[in-house]
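K.L.:
Quick note: the sequence shown uses the working numbering, first residue 1, plus one each step. Think of the CB as a built atom: it goes at the ideal place given N, C-alpha and C, for glycine as much as any other residue. Here the structure is a predicted model, which means the values were calculated and not measured.
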Amino acid sequence: MQEKKYTVGIATLGCKVNQYESQAIAEELERRGFEIISPNEVCDAYIINTCTVTAESDRKARQTIRRAISKSPDAYVLVTGCYSQLSPHAIKAIKGVDYVCGSANKMTVADELCKLIERGKRQEASVCVCPLDRAAFEPMSIKKFDRTRAYVKIQDGCESKCTYCAIPYSRGPIRSKPFDDVLNEVRDLIDGGCYEIVLTGIETGCYGTDLPEGQDLASLLCAVDKLEGIGRVRLGSLDPTVIKPDFVNKIKNLKSLAPHFHLSLQSGSDRILALMKRKYNSRQAMRAIELLRGAIPSVQFTTDIIAGFPEESEQDFLASCEFVKNAKFLMVHAFPYSKRQGTPAAEMVGQLQEGVKHDRVRELNRISADVREVLLYEMTKNETVTEVLFESYENGYAFGHTANFVEVRVKVDHSMHGQLRLVKLIGHTQGVCEGIIV
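(1) Please report the residue range of the beta strand (DSSP E) in which Ala-11 lies.
(2) Quick check on the DSSP output: what are the complete beta strand (DSSP E) runs of length 3 or more inside the region 135-204, in order along the chain?
(3) At what residues does the beta strand (DSSP E) containing Ser-439 begin and finish?
(4) Do you know offhand how far Asp-304's Cα is from Met-140's?
(5) Quick check on DSSP: helix, strand or coil for Ala-307?
(6) Alpha helix (DSSP H) containing Val-356: first to last residue?
(7) Contact between the region 187-204 and the region 231-243 is defined here as three or more beta-carbon pairs at a separation below 8 Å; is this criterion met?
(8) Can the beta-carbon of Ala-26 be found less than 8 Å from the beta-carbon of Ile-37?
(9) So what's Gln-215 in DSSP terms, helix, strand or just coil?
(10) Answer with buried or exposed for Asn-249, where buried requires no fewer than 16 other C-beta atoms within 10 angstroms of its C-beta.
(11) May I ask which residues mark the beginning and end of the beta strand (DSSP E) holding Arg-32?
(12) Only counting runs of 4 or more residues, tell me where the alpha helix (DSSP H) segments fall wholly within the region 85-134, in order along the chain.
(13) Just to check my reading of the structure: Val-385 and Arg-409 have Cβ atoms closer than 8 Å, yes? What is that Cβ distance to the nearest angstrom?
(14) Quick check: what's the CA-CA separation for Ile-10 versus Val-42?
(15) Is DSSP giving Lys-279 helix, strand or coil here?
(16) Go ahead and label Glu-21 buried or exposed: buried means 16 or more other beta carbons lie within 10 angstroms of its beta carbon, across all protein chains shown.
(17) Thinking C-beta only, is Lys-339 closer than 8 Å to Cys-61?
(18) To the nearest angstrom, how far is the alpha carbon of Glu-112 from that of Gly-396?
(19) Identify every residue that forms a DSSP beta bridge with Cys-222.
(20) For the ligand ATP, I want to know if Lys-60 counts as a neighbour, meaning its beta carbon is within less than 7 Å of at least one of the ligand's heavy atoms.
(21) Taking its Cβ as the centre, do 16 or more other Cβ atoms sit within 10 Å of Met-1, making it buried, or is it exposed?
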């Protein structure tokens, strides 16, 4: 498209969906003749794909934009994503930004970068943030992957309107990628040598609610399972309400589905779950876990928990702690509640002090680590032999994950990136299993 090969650095903040979308943007830019390099280098252009899940996410977005401008003042700077969807004029006000779009038209950054190169940098950023009320699923796909796994976005949007969350406002209504488009994309990734596919979305469990009957998440998993050469398939975060007997019966015998589920719990207290306007209570969440454990014996669970939600009492917090212990989560992502402007929770009475929130995060992390140690002991005491997909190599150890998402390290003298090997688990330390190649 141009004589000079322009370099582009893409900085991605936030979730796995953002990672996928950045990869789709990168592949489109490469198709047009651009060279994608690290955003930490001096580049001709930068694309910042933003997140707005917490106030800290917003701060990091602004910091990343300013760092790019400081590193290369003459570079073209284009900003997209959830933060720019909600706060486009805050980004426009940053001197040096050229283009701002939202979360429904991310692929426009490729066209806009080409226009900027033709016309030169703008004195003032152009803003193209589309309303989300009638947004369609934006067409995009990937064929490449940097690691052993590839994320495939199958769904966008959320309509839950939980009281703490700004994502429905930054992502819009539920919309699903066409069934056959998902299968074609997964098939291309398999052909490219990808062994592990992660099907993800903003509300993954809602996949297909806007598609014809019979094209729901369970049906998609069954169809993917039949693809020739399919390896492992993982799922993005699921609401516990998705885990119902019919769903479990459809997926329990799939050969490709990894026995690991990340449940979006948020709290173990029924009172707090009600204040959050979640669609389940603690008993229903535990029932979902029990259903899967009964059907898939090797299954493991990870989860998210918000600490210090408004009005969370010590008793409410202890209920979350007890749930973590009883559910036996392999890992807990605990994080402090963060006010999001425009959400009902931000206006609630009973806002907790930051110190209390962070103390509760630390306690949840401590309990989670204790639970994890017990789980790993049970896995290693009998020297279990299991498949491990290796991903990285560092300081004489190859690191990878089992199908149920247990991290394993093996002492070897070379990288085994992308290899699937049988490993005997012989011990564990600091949350990682030690193994030897069988």
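P.N.:
From the atom records:
(1) 7-12
(2) 149-156, 196-201
(3) Past the boundaries of the shown model lies residue 439; the chain is included only from 1 to 438, so the question cannot be answered.
(4) 28 Å
(5) strand
(6) 354-380
(7) yes
(8) no
(9) coil
(10) exposed
(11) Careful: Arg-32 lies outside any beta strand (DSSP E) and carries neither H nor E.
(12) 88-92, 108-119
(13) So it is not a contact: roughly 16 Å between Cβ atoms.
(14) 12 Å
(15) coil
(16) buried
(17) Looking at the sequence provided, one finds Ala at residue 61 rather than Cys. No.
(18) 45 Å
(19) Note: Cys-222 sits in no beta bridge, so no partner.
(20) Absence of the ligand ATP from the depicted structure is noted, as is the absence of any ligand whatsoever, leaving it without description.
(21) Summary for Met-1: the model assigns pLDDT 47, below 50, so the residue's position carries little reliability; its value from the coordinates is reported in the next sentence. So Met-1 ends up on the exposed side.
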